[in-house]
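Undergrad:
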Amino acid sequence: MYKGLSMSLHRLCAAALLSLPFLAMAPAAQASDDDPVVFSMGHEQWTASQFKRVVADTPPQVKEAALADPAAFARRYADMHLLAQLAESRQLEQDADVRQQLAWVREGVLANAAKDDLYKHAQVSDEEARRYYGAHQGDFVDYTLQHVVLRYHGSEIAPRAGQKDMSESEATAEAGKLRAQVLHGKDFAELVQRYSDDDESKADGGVLPETASRNLLPEIAQGIAGLKENEISQPIKTRYGIHLVRVLKRTDNNFEDAHPHVVILLKSQLVDRQIEAMKQATPAKLDDGFFQSNSAP
Numbered sequence: 051m052y053k054g055l056s057m058s059l060h061r062l063c064a065a066a067l068l069s070l071p072f073l074a075m076a077p078a079a080q081a082s083d084d085d086p087v088v089f090s091m092g093h094e095q096w097t098a099s100q101f102k103r104v105v106a107d108t109p110p111q112v113k114e115a116a117l118a119d120p121a122a123f124a125r126r127y128a129d130m131h132l133l134a135q136l137a138e139s140r141q142l143e144q145d146a147d148v149r150q151q152l153a154w155v156r157e158g159v160l161a162n163a164a165k166d167d168l169y170k171h172a173q174v175s176d177e178e179a180r181r182y183y184g185a186h187q188g189d190f191v192d193y194t195l196q197h198v199v200l201r202y203h204g205s206e207i208a209p210r211a212g213q214k215d216m217s218e219s220e221a222t223a224e225a226g227k228l229r230a231q232v233l234h235g236k237d238f239a240e241l242v243q244r245y246s247d248d249d250e251s252k253a254d255g256g257v258l259p260e261t262a263s264r265n266l267l268p269e270i271a272q273g274i275a276g277l278k279e280n281e282i283s284q285p286i287k288t289r290y291g292i293h294l295v296r297v298l299k300r301t302d303n304n305f306e307d308a309h310p311h312v313v314i315l316l317k318s319q320l321v322d323r324q325i326e327a328m329k330q331a332t333p334a335k336l337d338d339g340f341f342q343s344n345s346a347p
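Here this note's numbering is used: the first residue of the sequence shown is 51, the next is one more, and so on.
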């Protein structure tokens with residue numbers, strides 16, 4: 051799903067709290083011909099390089115909006131900065147509720163920093179990477195797929211008004227009939243427009259963006275693993291419906307191409323194991339009676 055990003059001042063402030071450098075007062079700007087002042091508020095100024103650093107230090111959801119429309123971001127930041135200065139002048143950081151919120155944000159920032167630091171220092175040898183690639187080579191295939199999805203009773207795609215609520219077996223049988231039509235020359239895109247219940251992909255003729263096999267739904271990845279380009283899967287059940295999948299493009303990546311992705315996966319797994327070991331060494335102990343009595347009904 052692709053949506054435009056529109057961020058209110060309230061959302062900007064909330065997201066900005068996740069990045070402490072973002073809240074810092076601008077240092078005295080050392081402007082030059084190569085680095086002019088591009089943004090100012092009262093006696094504070096930001097040069098081009100300083101403003102870029104502000105953007106770089108923001109959380110991902112803020113950064114996306116800032117890069118898309120830097121001027122709008124600067125105006126919203128100016129509003130937030132002005133209100134933050136007002137809060138400081140009124141010593142609102144001494145308010146108990148505000149202190150608690152700041153402490154919560156601080157914990158979150160430090161926790162993320164610790165995880166980032168663990169990742170940065172995680173080491174993966176070439177031998178480890180090759181061994182993982184050899185055992186999971188099928189995870190490093192890039193696909194461009196086209197599909198028809200038929201919902202069934204209980205699947206996550208909601209039925210349209212007046213649509214027959216097919217059972218799983220009925221939807222599977224219907225998908226099999228559509229597959230037979232394609233094998234006899236029926237245009238796949240035409241079937242997408244007529245039968246698919248996935249409205250999002252239907253707008254593109256059922257064609258999905260290129261995706262690595264490891265990022266596909268496991269059922270889809272397994273169902274198309276042996277297919278060549280232009281071949282069509284048997285009906286595949288997922289929680290969304292019964293899929294009929296056509297492979298438009300398949301790229302089997304060699305180790306050199308897959309290496310960066312292998313390293314990312316192995317480093318992430320190593321970090322997860324380190325965090326799990328920490329949790330085992332210092333387990334959280336909960337009073338079950340207290341938490342059960344205070345759970346939402």
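For every residue, glycine included, the Cβ atom is placed at its ideal position computed from N, Cα and C.
So, at 8 Å on beta carbons, what are the nonlocal neighbours of glutamate 281 in its own chain, with the 5 sequence-adjacent residues on each side left out?
TA: Taken in chain order, the residues that qualify are Arg296, Val297.
Undergrad: Could you name the residues of the same chain whose beta carbon sits closer than 6 Å to that of methionine 216, not counting the 5 residues immediately before and after it, in chain order?
TA: So the qualifying residues of the chain are Tyr202.
Undergrad: When we look at the beta-carbon of valine 242 and count the other beta-carbons within 10 Å, is it buried (16 or more) or exposed?
TA: Looking at its Cβ environment, which holds 16 or more other Cβ atoms inside 10 Å, valine 242 is buried.
Undergrad: Can you tell me whether DSSP reads glutamine 196 as helix, strand or coil?
TA: Strand at glutamine 196.
Undergrad: Output the boundary residues of the beta strand (DSSP E) element that contains valine 174.
TA: It is not in any beta strand (DSSP E) - valine 174 carries neither H nor E in the DSSP assignment.
Undergrad: Looking only at DSSP bridge pairs, what is arginine 293 linked to?
TA: The sequence shown places histidine at residue 293, not arginine. Note: histidine 293 sits in a beta bridge opposite Val199, Ile286.
Undergrad: Hey, which unbroken runs of the alpha helix (DSSP H) at 4 residues or more fall wholly within the stretch 219-300?
TA: Within the stretch 219-300, the complete alpha helix (DSSP H) runs of at least 4 residues are 238-245, 249-252, 268-274.
Undergrad: Which residue's Cα is closest to the Cα of aspartate 84: Ala98, Asp147, Asn265, Ala163?
TA: When each option's Cα is compared against that of aspartate 84, the closest is Ala98.
Undergrad: Of the choices Val232, Ala164, Ala118, Thr288, whose alpha-carbon is the least far from that of valine 321?
TA: Of Val232, Ala164, Ala118, Thr288, the residue nearest in Cα terms is Ala164.
Undergrad: What is the rounded straight-line gap between the Cα of leucine 266 and the Cα of proline 259?
TA: If I take the Cα positions, the gap works out to 11 Å.
Undergrad: Who are tryptophan 154's beta bridge partners in DSSP?
TA: Beta-bridge pairing links tryptophan 154 to no other residue.
Undergrad: Going along the chain, which residues of its own chain have a beta-carbon closer than 7 Å to the beta-carbon of serine 205, five neighbours each way excluded?
TA: Hits under 7 Å: Arg289, Tyr290, Gly291.
Undergrad: Whole angstroms is fine: what's the gap from glycine 255's alpha carbon to arginine 244's?
TA: Rounded to the nearest angstrom, the two C-alpha atoms are 10 Å apart.
Undergrad: Out of Leu316, Val174, Gln231, His293, point me to the one whose CA is closest to leucine 200's CA.
TA: Nearest of Leu316, Val174, Gln231, His293 to leucine 200, Cα basis: His293.
Undergrad: Among Asp237, Glu269, Glu224, which residue has its Cα nearest to the Cα of aspartate 247?
TA: It is Glu224.
Undergrad: Rounded C-beta distance between tyrosine 169 and leucine 316? I'm assuming under 8 Å.
TA: Between leucine 316 and tyrosine 169 the Cβ distance is about 11 Å, and since that is not below 8 Å, they are no contact.
Undergrad: Once DSSP output is grouped into helix, strand and coil, what is the label at aspartate 302?
TA: Strand at aspartate 302.
Undergrad: On the DSSP bridge list, what partners appear for serine 90?
TA: DSSP lists Gln95 as partners of serine 90.
Undergrad: Please report the straight-line C-alpha distance between valine 359 and asparagine 344, rounded to a whole angstrom.
TA: Nothing in the structure corresponds to residue 359, since the chain is present only between 51 and 347.
Undergrad: Hey, how far is the Cα of histidine 234 from the Cα of isoleucine 325?
TA: Cα to Cα, the separation comes out at about 54 Å.
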